[in-house]
Amino acid sequence: MLDRKLNEKILTYIDAGFPIIYINTFEEDKIDKILLSGELRRLYRYHEWNGAKGGVYFETKKQWGLDSSIQSFLDYFISSPEELDRTILVIKDIVPYLDDPEVVARLKEIVRLINNGADACIIIVSETVKIPKELEKYITVLETSYLTVDEIKEIINSFLSEYDLGTINEELLEKFSVSFKGLSEFEILNILALAYSNDGEFTESDLQIVMEQKRQAIKKGGVLDMVSVKETIDDIGGLDNLKKWLENKAKVFKNYRQAKEYGVDTPKGLLIVGVPGCGKSLTAKATAAMFGMPLLRLDMGRLLGKYVGESEENMRRAVALAEAVSPCILWIDELEKAFAGIGGNGEGSEVTTRLFGSFLSWMQEKTSPTFVVATANDITKLPPELLRKGRFDEIFFVDLPNKEERKAIFDIHIKRRREKDYPQIKEGIDELVKSTEGYSGADIEGVVSEAVEEAFVSGEELTIEKIKGVIDKSIPLSRTMKEALEKMKKEYSNRNIKNATK
Ligand code: ATP
Numbered sequence: 009m010l011d012r013k014l015n016e017k018i019l020t021y022i023d024a025g026f027p028i029i030y031i032n033t034f035e036e037d038k039i040d041k042i043l044l045s046g047e048l049r050r051l052y053r054y055h056e057w058n059g060a061k062g063g064v065y066f067e068t069k070k071q072w073g074l075d076s077s078i079q080s081f082l083d084y085f086i087s088s089p090e091e092l093d094r095t096i097l098v099i100k101d102i103v104p105y106l107d108d109p110e111v112v113a114r115l116k117e118i119v120r121l122i123n124n125g126a127d128a129c130i131i132i133v134s135e136t137v138k139i140p141k142e143l144e145k146y147i148t149v150l151e152t153s154y155l156t157v158d159e160i161k162e163i164i165n166s167f168l169s170e171y172d173l174g175t176i177n178e179e180l181l182e183k184f185s186v187s188f189k190g191l192s193e194f195e196i197l198n199i200l201a202l203a204y205s206n207d208g209e210f211t212e213s214d215l216q217i218v219m220e221q222k223r224q225a226i227k228k229g230g231v232l233d234m235v236s237v238k239e240t241i242d243d244i245g246g247l248d249n250l251k252k253w254l255e256n257k258a259k260v261f262k263n264y265r266q267a268k269e270y271g272v273d274t275p276k277g278l279l280i281v282g283v284p285g286c287g288k289s290l291t292a293k294a295t296a297a298m299f300g301m302p303l304l305r306l307d308m309g310r311l312l313g314k315y316v317g318e319s320e321e322n323m324r325r326a327v328a329l330a331e332a333v334s335p336c337i338l339w340i341d342e343l344e345k346a347f348a349g350i351g352g353n354g355e356g357s358e359v360t361t362r363l364f365g366s367f368l369s370w371m372q373e374k375t376s377p378t379f380v381v382a383t384a385n386d387i388t389k390l391p392p393e394l395l396r397k398g399r400f401d402e403i404f405f406v407d408l409p410n411k412e413e414r415k416a417i418f419d420i421h422i423k424r425r426r427e428k429d430y431p432q433i434k435e436g437i438d439e440l441v442k443s444t445e446g447y448s449g450a451d452i453e454g455v456v457s458e459a460v461e462e463a464f465v466s467g468e469e470l471t472i473e474k475i476k477g478v479i480d481k482s483i484p485l486s487r488t489m490k491e492a493l494e495k496m497k498k499e500y501s502n503r504n505i506k507n508a509t510k
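Structure representation (structure tokens):
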């Protein structure tokens, strides 16, 4: 089904005279099948240059030119243009050669022949997208789409029947299929083989293996990380307003199908801005636990590529992968870093501006259950378009914790490390709260962890005095960043941004 669609799409592009189709895929085998089947195969001659197979290659293994270099392959068609009649030139593993002006010039020459009437098309098949500027306007990038849950079910079932492994019940099949979302057929088959070889059957406990393998497969893709989450909402001290808001969204998101039918818009996500070390990342992680969904982290810095279109392409891949894995939480950390320099001069800022544009339109139009949690320290560095209604459902400002919040944060971190000592510390906790005005959550965590270490080294229990001693010699964030914090606070209140606390 999927294969036929791609086959037809390629034909349409060739008919319309597109000279270079760039297929970005991890599934070369699948693309081979597509290119060597259907109408495409019937109507077009197929010639391949394959870097990994040592050069030119075709079913007949015909040798082109004097050697097997990409230059010779291209030269052959330049000097015998009649060979381009009803022909597709499939080129694999060309990426390292795209820096070579000689290769680019030859590709351009073939493009010229195609534009002048040769009924041919160059099809580049590659795992990565790299488009030399000179070829930019001749190239059309095609992606292989991700598998749907039904297609994954089919793959699992045919794996089971091919190896005579019986069947698995519908509920487990559904769970496996959902957790495989975002992976290629090849990756799914490998993971299935691994899960099976583990104990000779497929059970609920194999889902753990699936998740672990999936984490690695996503990492290999290079644009997203799947973060394993231990943090829950109970690990966040304070931020009650934000927590309440998230709880409501979780109710909608967990039942997004029914909610949609009811008429509720699928939540898009939120932006959390504010003081460093006050729980922004913690909230992103806890959101995944609260929603009961995988957490994918997008590192904006890693998206920025060297070649024309590479950054947008990376962004597109990241978004497509997140949508394929959805329902999920997409955490975009340090958002302002990615979009610094928008609207400025120079090539770098052009790339960021385009990248930003594609991010904005995705946020605006997205309908998939991908809940974005973006975090940023400095809202003034974010382009105003991003803050407009319709992008995020809400923007929250996280401030330094107030009295009640500091108490809650002390509770969490003391109990986590020294549950046993907590009851007597509780008696005097107000004293700790009073002496930590201007401390961030991370500062408080630091104080507790240092006091616990000191207590251990001296072979004592954790006490109020020990913690107090560490507080007395520590310098909180509000002192080191006093002016910046005051400015930040003013900015948020001017902009009427919701406070995460109340
Ligand atoms: P940055 O902007 O520097 O990334 P952040 O706001 O994302 O900071 P976090 O990474 O969430 O900060 O916080 C750092 C650590 O401080 C957390 O892992 C957590 O242990 C502790 N912490 C911060 N805020 C809280 C809080 N409200 N409740 C409990 N712990 C907190």
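Each residue of the sequence shown is one higher than the one before, counting from 9 in my numbering. Cβ coordinates follow ideal geometry from the N, Cα and C atoms, glycine included.
- Closest in C-alpha terms to residue 401, from the list 114, 378, 286, comes 378.
- Residue range 248-262 is occupied by the alpha helix (DSSP H) that includes residue 249, with no beta strand (DSSP E) assigned at that position.
- Secondary structure of residue 149 (DSSP, three-state): strand.
- In chain order, 100, 101 place their CB closer than 8 angstroms to the CB of residue 60, counting only its own chain and leaving out the 5 sequence neighbours on each side.
- Beta-carbon to beta-carbon, residue 460 and residue 426 are separated by about 6 angstroms, close enough to satisfy the 8 angstroms threshold.
- Annotation: residue 334 is outside any alpha helix (DSSP H) and is labelled neither H nor E by DSSP.
- Take the alpha-carbon of residue 91 and the one of residue 225: they are about 41 angstroms apart.
- A direct Cα-Cα distance of roughly 40 angstroms separates residue 138 from residue 169.
- Residue pairing from DSSP places residue 29 in a beta bridge opposite 131, 148.
- In the three-state reduction of the DSSP assignment, residue 35 falls in the coil class, being assigned neither a helical nor a strand state.
- Between the alpha carbons of residue 47 and residue 21 lies a gap of roughly 13 angstroms.
- A contact is defined here as three or more CB-CB pairs under 8 angstroms, and the segment 387-395 fails this definition with respect to the segment 204-219.
- Per DSSP, residue 282 is not a residue of any alpha helix (DSSP H); the beta strand (DSSP E) it occupies stretches across 277-282.
- Counted as a single uninterrupted DSSP element, the stretch harbouring residue 481 is not any alpha helix (DSSP H), since DSSP gives it neither H nor E.
- In this structure, residue 406 has its CB closer than 7 angstroms to one or more heavy atoms of the ligand ATP.
- The ligand ATP has no heavy atom closer than 7 angstroms to the beta-carbon of residue 410.
- Just so you know, the alpha carbons of residue 415 and residue 323 end up roughly 41 angstroms apart.
- Taking C-beta atoms as the reference points, residue 250 and residue 211 fail to come closer than 8 angstroms.
- The beta carbon of residue 119 sits closer than 7 angstroms to those of 27, 28, 146, all from its chain and outside the five residues before and after it, given in chain order.
- Not one heavy atom of the ligand ATP is found less than 7 angstroms from the C-beta of residue 484.
- Per DSSP, the unbroken alpha helix (DSSP H) holding residue 123 starts and ends at 109-123.
- Taking the CA atoms as reference points, residue 271 sits about 14 angstroms from residue 257.
- By the criterion of at least three beta-carbon pairs nearer than 8 angstroms, the segment 278-290 is in contact with the segment 438-453.
- Under the criterion of beta carbons closer than 8 angstroms, residue 311 and residue 231 qualify as touching, at roughly 6 angstroms.
- Excluding sequence positions up to five before and after residue 293, its CB lies within less than 6 angstroms of the CB of 237, 239, all in the same chain and listed in chain order.
- By the criterion of at least three beta-carbon pairs nearer than 8 angstroms, the segment 28-39 is in contact with the segment 145-160.
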